[in-house]
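This note's numbering puts the first residue of the sequence shown at 62, with every later residue one more than the last.
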Amino acid sequence: MKTHESLFERACKVIPGGVNSPVRAFNGVGGTPVYVESGKGSKIRTADGRTLTDFCCSWGAMILGHANVEIVETIQKQAEKGTTFGINTEIEVVFAEKLCSLVPCLERVRLVSSGTEAVMTALRIARAVTGRKRIIKFDGCYHGHSDSVLVSAGSGLLTGGTLTSPGIPRHVASDTYVVPYNDLKAVNELIREKGQEIAAIIVEPVAANMGLVMPDPGFLAKLRHYADRCGALLIFDEVINGFRFNLSSYASIAEVKPDLMTLGKIIGGGLPLAAVGGAAVFMDELAPRGKIYQAGTLSGNPLAVAAGLKTIEILERDDPYPRLEQLGRRLAETINTAAASKGLPCRCAQYGGVFTVFFTGQPVRNLADAKKCDTQAYAQHFHTLLNRGYYLPPSQFEVGFISTAHSEEDVAAFAQAVVK
Ligand SMILES: *Cc1c(COP(=O)(O)O)cnc(C)c1O
């Protein structure tokens with residue numbers, strides 16, 4: 062048996078920081094990162110031989126749980142027929158037809174391999190078709206790691222944001238305005254002053270990268286209104302939201318139609334696959350029809366597409382959404398009832414199968430609220446639950462996910478472990 066300490070020590074000698082994506086290093090909670098050997102359903106088996114109930118689910122990608130029999134079989138069958146050709150395949154047409162039929166704002170969709178790429182392309186389209194360079198994003202919403210969106214709120218609304226990583230040209234920050242989530246007054250002010258320069262307003266409809274934060278009623282509809290007023294495109298980044306709460310997008314729940322949408326995570330069925338799509342009038346500006354360049358060696362490869370298509374077919378057949386909502390609600394109720402009666406310093410935010418235990422007594426409506434959380438208390442909560450056999454996202458500012466493979470017992474036992 063291998064210890065996680067020894068694996069991490071080896072990793073640090075050959076992988077920067079020992080990890081291939083920063084949050085996995087456990088900087089948000091301390092301690093040695095976990096290594097996984099295998100997964101099945103709601104459980105993962107660690108390299109040091111423990112079995113954990115997984116509430117991270119590869120950041121939500123594994124909505125059917127790990128190693129779902131039908132998905133595994135689909136991947137095996139496709140692998141035998143070839144994994145990538147760099148030539149068109151029928152299955153990518155079927156998949157695009159499926160996405161366009163289920164998501165109302167999609168008339169065209171282009172497949173890529175990561176959410177980061179999808180957002181990068183959406184922003185390029187917005188800039189190209191408007192001939193403008195500036196964008197509005199919301200503090201605490203995550204849109205992948207491309208230059209324009211690695212920007213956080215700066216000193217003043219109209220001065221643009223602050224770069225959150227070295228290596229990004231300084232001017233990028235001044236082209237990205239960062240506004241508090243749910244703050245329509247700030248958006249209105251920006252549009253009034255700078256509306257003619259704005260190419261796009263980009264938002265996670267349900268924010269799930271500062272912990273779970275719901276949009277206020279009317280927030281998204283008002284963004285649609287502001288985008289129309291100044292001639293900017295409205296982009297919904299539904300990389301987490303898409304196919305999470307229903308067999309479509311949060312746009313359809315909010316009844317707001319964005320010009321462009323990005324999808325990822327769930328739609329790849331556990332393989333690297335994401336998409337950017339929207340109105341034909343914008344999407345057809347992409348090369349080869351239009352002049353906006355975008356490409357990818359593995360884009361739409363049949364292996365990832367087969368896994369993604371099968372995932373959506375299963376979601377369509379089984380309609381797990383009412384059950385996920387029920388499990389999520391019961392989890393939140395158990396935690397919040399106990400928190401109120403025992404005076405625990407936390408509150409569980411929940412929507413569908415997504416949740417965050419916020420260590421603050423106050424409601425969380427934006428990043429500033431989320432930052433008031435006691436992150437030390439979260440770290441302790443994380444490690445206590447890890448010891449009790451539960452894997453949570455290793456940061457206060459992420460969300461937990463319930464998959465269709467989680468049993469009522471999994472969720473009930475977890476809720477009890479949280480409030481014990
Ligand atoms: C995960 C995520 C991304 C980035 O997707 P990757 O596949 O990790 O590049 C973009 N937007 C949102 C909302 C996400 O949650």
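Glycine is no exception: its CB is placed at the ideal position from the N, C-alpha and C atoms.
Would you report the Cα separation of residue i and residue j, rounded to the nearest angstrom?
i, j, result
"N81", "V154", "32 Å"
"E66", "C166", "47 Å"
"I259", "K371", "39 Å"
"I314", "E178", "25 Å"
"T135", "A189", "38 Å"
"E459", "L321", "25 Å"
"K101", "K246", "47 Å"
"R111", "S207", "36 Å"
"V95", "M62", "14 Å"
"L113", "Y451", "5 Å"
"F146", "I327", "23 Å"
"A87", "I124", "In the sequence as presented, Ala is not what sits at residue 87; that position holds Phe. Approximately 23 Å between the Cα atoms of the pair."
"Q423", "T225", "27 Å"
"F199", "V130", "39 Å"
"I396", "Q477", "8 Å"
"T191", "G256", "12 Å"
"K159", "E151", "13 Å"
"D289", "H232", "26 Å"
Are residue i and residue j close, meaning C-beta to C-beta below 8 Å?
i, j, result
"Y311", "P278", "no"
"S464", "G126", "yes"
"I280", "N243", "At residue 280 the sequence reads Phe, which differs from the Ile that was named. Yes, the pair counts as a contact, with Cβ atoms nearer than the cut-off."
"G92", "H444", "yes"
"G221", "Y238", "yes"
"L273", "V84", "no"
"L359", "A140", "no"
"A336", "V210", "no"
"R408", "A400", "yes"
"R305", "L295", "no"
"R169", "A341", "yes"
"L447", "V479", "no"
"A368", "G331", "yes"
"A261", "L184", "yes"
"L324", "V300", "yes"
"F420", "A438", "yes"
"L347", "I186", "yes"
"S119", "S468", "no"
"I197", "D236", "no"
"L453", "C117", "yes"
Assign residue i to one of three DSSP states: helix, strand, or coil.
i, result
"Y354", "coil"
"C202", "coil"
"L364", "helix"
"I132", "helix"
"L167", "coil"
"M44", "No answer is possible for residue 44: it lies beyond the span of the chain, which begins at 62 and ends at 481."
"L115", "A small fix is needed here, since residue 115 is Asp in this sequence, not Leu. The answer is strand: DSSP assigns D115 an E or B state."
"E316", "coil"
"D435", "coil"
"H467", "coil"
"V472", "helix"
"F156", "helix"
"G330", "coil"
"R384", "helix"
Given the structure, does residue i come close to ligand 1, in the sense that its CB is under 7 Å from one of the ligand's heavy atoms?
i, result
"V300", "yes"
"K326", "yes"
"A368", "no"
"E158", "no"
"A485", "Shown here, the chain extends from 62 to 481; a query on residue 485 therefore has no answer."
"E459", "no"
"Y203", "yes"
"E265", "yes"
"S175", "yes"
"N7", "With the chain covering 62 to 481 only, the question about residue 7 has no answer from this structure."
"A335", "yes"
"V274", "no"
"V180", "yes"
Opposite residue i in the DSSP bridges: which residues?
i, result
"F419", "R408"
"P241", "D200"
"V274", "A268"
"K101", "K104"
"V337", "R171 and T323"
"D109", "Answer is none; D109 lacks a bridge partner."
"L347", "I353"
"L295", "I262"
"Y451", "T114"
"S213", "T223"
"G143", "Beta-bridge pairing links G143 to no other residue."
"R193", "Answer is none; R193 lacks a bridge partner."
Please confirm whether residue i has its beta-carbon closer than 8 Å to some beta-carbon of chain C.
i, result
"L245", "Considering every chain present, this structure includes no chain C. It has just one protein chain."
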